[in-house]
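Notes follow once the structure below has been shown.
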Amino acid sequence: MDALPTKISLAERLSAITGLEYQIVWKVVFYSLSVILGWQLVQYLRLVFRSDLKHIPGPRWARLTAFWRPWVLRKGEAPEIYCDLHQKYGPLVRTAPGVVSVSDPKAIPIIYGIGTKFYKSMFYSIFDVAYQGTWMSSMFSVRDSAQHAALRRPVAQKFSMSSMKALEPFADECNEIFINAMKELEGQKVDLSTWLQWYAFDVISAITFHRRFGFMEERRDVENMIEDISQGLVAAAAVSQVPGLHPWLMGSSWLPKLLAAQPFFRAPDPLRTVVRFTEDCIAEYDRNPPSADRPDFMSWLRQVNIKGETMSDPDFVNHLSNNLLAGSDTTAISLRAVLYFLVQNPECYRKAQAEVDEADNAGKLSACVSYAECLQLPYLQAVMKEAMRCHPGVSYPLERVVPRGGADIGGVHLMEGTIVGVNPAVIHRDTSIFGDDALSFSPERWLTGDEERTKFMDRHLMTNLHREKHLDYGDGKTHSAALASL
Ligand code: HEM
C-alpha cells in the first residue's frame, strides 16, 4: 500500500485503508456510534424502570443518575445523610439507578454471612494499587472470591491472634513515645486527634515494616503522607460512588502522571505514595536482611518466600501496602472515637479510669498494658466497642453485588447484579437492636449480663466483619481486641 499523506482526517484515513468512499466511512462511523449510544440508553432506561427497583423509594434524582450520591456526599456527612435517608424512606432506599442502601437487620447475614455469594462491588476497586504499571486488587478490595481466597491463604495465619501478640512490642515502643510526648506537653494545648493519627500510622508501619514513619518523633506529617491519604480519601469517597469513572481518573495510567508533572499545584497520589514507601522498606530490608525471627509482616512474608512457598513481588507489595491503606486511618478513627466519647462522657471516663487504677494497684498491669491484661478490663472493653458502634471507622455502605438468581432483601426480590449495602453508621443506630438509647454513648449496654441480648447486638455490630471474613484478631474479639492491644 502507498504511504498515506500525513495531514488527512480520520475519515479520509479510514477511507484510504478500507478502500471505501469517504462519505460511506462517515456514515458507518455515525451509525456505529448511534447504535452504541442507543444501546447504552436502552440499558439505562431498563435499569431506571426495572420492575424490582422502580417501587423502592428514594430521592428522585438518585433513581435517575449515579451522580446524585457524590453530589450529596461531597461535604463528608455520609453517616447523617444515610441515617436521614432511611428515616425518611424506610429499610430500602434507592440511592442510584442500580444501587440500594439497606437498613433491614435481617439482611446482614444474607449479605455478609459466612459462605455468602454476595461479592464486593466496584466501590472497592478504587483501593486497588498500581505496582510496576499493573493494577492489583488487595485483600480489602478484591471482588472475586477465588482471587480473594488465593490472596488470603498465605497471610491468614499472620493475622491470627498468636501472630498479633508477637507484634505487641512494636505498639509498646509507640506507646512510650506517645506517653513521653504527652508528659512533655503537659499544660499546653494538644491536638489529640492529630497525635492519635500519628500514633496509629506509626504503629501500623512498625508492625508491617519494622520501621515507624516517625510522625510522633518528628511531630509532623512526614512526607505529607497523612495529608495525602486524607485528601485522597475525600476524592476516593466521591469517585467510589461512581466507580465507573475511576479507570478514567486516578485509575488511569496517564492522569496521575499528568498531575504529577504539572507545575501549578501539588496533587496528592496516596496509593502511589504508599506503594513507594513500601518499595523503599523492602529495598532496605533486602540490603540489610534482619535475623530470621524478627516479628513483623515484612519478615513473615519474606520468610514464606525463602521456604519455597512463593510469594511474588507484586503480592508482597500488595499485602504490605494494604496494611497501611486498610489499617492506619481506620485505627486512627477508632482511637479518636474512644477518646472523644470518654471526654464527652466524664462519668464513663471516671469508671474506665477507676477500673484501670484498681487493676494497676492490684499489680495486674504491666508498665505497657498488654493485650491479655486489657481483656481483663471489661469496662474499657465495653468503652471501645461502644465507641466503634457510635462512630464506625467505615461509614459508607459496604457494597455487595446480588448474586445469580437474585435475592430477597427487605421484602423485595432484587435481581442479580443489583448493588446493595448496609451502612454501619445506620445499623449501629437502630433502636430495635441497640435499644431506645441507641443514639447515646453507653458502654453499660454491653455489660447488662444478659448474654442473649449482648450476642444479638454483637451480631449486628459491623466492626465484627473482620471476624466474619476470618481475618480474625482472635477469640471473636475482633477490632476492640486489636485496639486494646495498642
Ligand atoms: C479499628 C480499626 C479498623 C476498622 C474499623 C476496620 C474496618 C474494616 C471493615 C469494616 C472491613 C470490612 C470491609 C468490607 O468487607 O466491606 C475491613 C476489612 C479489612 N481490614 Fe480492617 N479495619 C480496622 C483495622 C485494620 C487493620 C489494623 C488492618 C491490617 C493491619 C486491617 C486490614 C483489613 C483487611 C485486609 C480487610 C479485608 C478483609 C477481607 O475481606 O478478607 N484492618 N476492615
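Every letter in the sequence shown is one number past the one before it in our numbering, and letter 29, counting from 1, is 30. Ideal placement from N, C-alpha and C gives every residue a C-beta, glycine not left out. Just so we're clear, the structure is a prediction, and the values are computed from it rather than from any experiment.
Does the Cβ of PHE171 lie closer than 7 Å to at least one heavy atom of the ligand HEM?
Position 170 of the sequence shown, counted from the start, is the residue given in the question as residue 171. Checking every heavy atom of the ligand HEM against the Cβ of PHE171, none is found closer than 7 Å.
Reference ARG144, options THR117, PRO155, GLN133, closest by Cα
The sequence position of residue 144 within the sequence shown is 143, counting from 1. It is THR117.
What residue range does the beta strand (DSSP E) around HIS414 cover?
Taking the sequence shown and counting its residues from 1, the one referred to as residue 414 is at position 413. Its beta strand (DSSP E) spans residues 413 to 415.
Bounding residues of the alpha helix (DSSP H) (the contiguous stretch that carries SER164)
Along the sequence shown, one-based indexing puts residue 164 at 163. 162 to 167 is the extent of the alpha helix (DSSP H) around SER164.
So, with DSSP's three-state summary, where would you put TRP447?
As a position in the sequence shown, residue 447 is number 446, starting the count at 1. DSSP places TRP447 in helix when its eight states are reduced to three.
Per the DSSP calculation, LYS121 is bridged to which residue(s)?
Translated into positions along the sequence shown, residue 121 becomes position 120. DSSP output for LYS121 lists ARG401 as bridge partner(s).
Could you please give the first and the last residue of the uninterrupted alpha helix (DSSP H) stretch that includes ALA439?
Locating residue 439 in the sequence shown gives position 438, where the first residue counts as 1. Unbroken run through ALA439: none, as it is neither H nor E.
Secondary structure of SER35, DSSP reduced to three states:
Numbered from its first residue, the sequence shown carries residue 35 at position 34. Note: SER35 maps to helix in three-state DSSP.
So, is THR19 buried or exposed, given that buried needs 16 or more other C-beta atoms within 10 angstroms?
Sequence index remark: in the sequence shown, residue 19 carries index 18 (1-based). Label assigned to THR19: exposed.
Residue burial classification, LYS386 (beta-carbon count within 10 angstroms, cutoff 16)
For the purposes of this step, residue 386 is identified with residue 385 of the sequence shown, where counting begins at 1. Looking at its Cβ environment, which holds 16 or more other Cβ atoms inside 10 Å, LYS386 is buried.
Going by CA-CA distance only, name the one from ARG430, SER253, ALA355, LEU246 that's closest to PHE68.
Here residue 68 refers to the residue found at position 67 of the sequence shown. When only C-alpha atoms are compared, the closest one is LEU246.
Of the listed residues PHE435, SER441, TYR45, ASN424, nearest to TYR113 (C-alpha basis):
Start at 1 with the first residue of the sequence shown, and residue 113 comes out as number 112. Comparing Cα-Cα distances from TYR113 to each of PHE435, SER441, TYR45, ASN424, the minimum goes to ASN424.
ILE178 (DSSP reduced to helix, strand or coil)
Numbered from 1 along the sequence shown, position 177 holds the residue referred to as residue 178. In the structure shown, ILE178 sits in a helix (DSSP, three-state: H, G or I).
If you measure between the beta carbons of ILE420 and GLU452, is that distance less than 8 Å?
Working through the sequence shown from its first residue, we reach residue 420 at position 419. Working through the sequence shown from its first residue, we reach residue 452 at position 451. No.
Flag ASN176 as yes when its Cβ comes closer than 7 Å to any non-hydrogen atom of the ligand HEM, and as no otherwise.
Numbered from its first residue, the sequence shown carries residue 176 at position 175. Checking the Cβ of ASN176 against the ligand HEM gives no.
Among SER126, LEU15, VAL403, the one whose alpha carbon lies nearest that of TRP488:
Residue 488 lies beyond the range of the chain shown here (2 to 487); nothing can be said about it.
Could you check what DSSP says for MET217 in three-state terms: helix, strand or coil?
Residue 217 sits at position 216 when you count from the first residue of the sequence shown. Helix, per DSSP.
By DSSP, does MET299 sit in helix, in strand, or in coil?
Along the sequence shown, read from residue 1 onward, the residue named residue 299 stands at position 298. Looking at MET299 - three-state DSSP - the assignment turns out to be helix.
Pick out whichever of ILE410, ARG430, HIS414 has its Cα sitting closest to the Cα of GLY422.
What you label residue 422 is simply residue 421 of the sequence shown in a count that begins at 1. The shortest C-alpha separation from GLY422 is found at ILE410.
Taking just the CA atoms, how far does VAL73 sit from THR432?
Counting from 1 along the sequence shown, the entry for residue 432 is found at position 431. Counting from 1 along the sequence shown, the entry for residue 73 is found at position 72. Roughly 26 Å between the two C-alpha positions.
Does the Cβ of LEU381 lie closer than 7 Å to at least one heavy atom of the ligand HEM?
Residue 381 sits at position 380 when you count from the first residue of the sequence shown. Flag unset: Cβ of LEU381 not near the ligand HEM.
With 16 as the cutoff for other CB atoms within 10 Å, does PHE442 come out buried or exposed?
Mapped onto the sequence shown, residue 442 falls at position 441. Classification for PHE442: buried.
Distance cutoff 8 Å, beta carbons only. Does LEU381 sit that close to anything in chain D?
Although the question refers to chain D, the structure presented lacks it and comprises just one protein chain.
DSSP state of GLY328, grouped into three classes?
Along the sequence shown, read from residue 1 onward, the residue named residue 328 stands at position 327. DSSP places GLY328 in helix when its eight states are reduced to three.
Can you grab the Cα-Cα spacing for the pair SER16 / TYR23, in whole Å?
In the sequence shown, counting from the first residue as 1, residue 16 sits at position 15. In the sequence shown, counting from the first residue as 1, residue 23 sits at position 22. Approximately 5 Å, taken between the alpha carbons.
Check whether the Cβ atoms of MET251 and SER335 lie closer than 8 Å to each other.
To locate residue 251, count along the sequence shown from 1; it is residue 250. To locate residue 335, count along the sequence shown from 1; it is residue 334. No; because the gap between Cβ atoms is not below 8 Å, this pair is not in contact.
Report the rounded CA-to-CA distance for GLY134 versus ALA284, giving the unit in angstroms.
For the purposes of this step, residue 134 is taken as residue 133 along the sequence shown, with counting starting at 1. For the purposes of this step, residue 284 is taken as residue 283 along the sequence shown, with counting starting at 1. Cα to Cα, the separation comes out at about 18 Å.
Of the residues ALA426, HIS414, LEU378, VAL384, the one placed nearest HIS392, counting alpha carbons only:
Here residue 392 corresponds to residue number 391 of the sequence shown, with the count starting at 1. Checking every option, the nearest Cα to that of HIS392 belongs to ALA426.
If you reduce the DSSP assignment to three classes, tell me which class ALA147 lands in.
As a first step, residue 147 is located in the sequence shown; it is residue number 146 there, counting from the start. Reduced to three states, the DSSP call for ALA147 is helix.
Is the CB-CB distance between CYS282 and ARG212 below 8 Å?
One-based indexing of the sequence shown puts residue 282 at position 281. One-based indexing of the sequence shown puts residue 212 at position 211. The answer is yes: Cβ separation under 8 Å.
For a minimum of 4 consecutive residues, which ranges assigned as the alpha helix (DSSP H) are wholly contained in the region 204 to 291?
216 to 219, 226 to 240, 256 to 262, 271 to 288
Between ALA466 and the ligand HEM, is there a pair consisting of the residue's CB and a ligand heavy atom that are separated by less than 7 Å?
Sequence index remark: in the sequence shown, residue 466 carries index 465 (1-based). Note that residue 466 corresponds to Leu in the displayed sequence, not to Ala. LEU466: yes, Cβ under 7 Å from the ligand HEM.
Around the Cβ of MET226, are there at least 16 other Cβ atoms within 10 angstroms (buried) or fewer (exposed)?
By 1-based counting over the sequence shown, the position of residue 226 is 225. Buried is the call here.
For the candidate residues TRP447, THR455, PRO444, ILE434, whose alpha-carbon lies nearest to that of LYS107?
The residue labelled residue 107 in the question sits at position 106 within the sequence shown. Ranking TRP447, THR455, PRO444, ILE434 by Cα distance to LYS107 puts ILE434 first.
Kindly examine the ligand HEM and report whether one of its heavy atoms sits closer than 7 Å to the Cβ of LEU399.
Translated into the one-based positions of the sequence shown, residue 399 becomes position 398. Within the cutoff, so yes.
Within 10 angstroms of its Cβ, does THR449 collect 16 or more other Cβ (buried), or is it exposed?
Position 448 of the sequence shown, counting from 1, holds the residue named residue 449. Answer is exposed; the Cβ neighbour count stays below 16.
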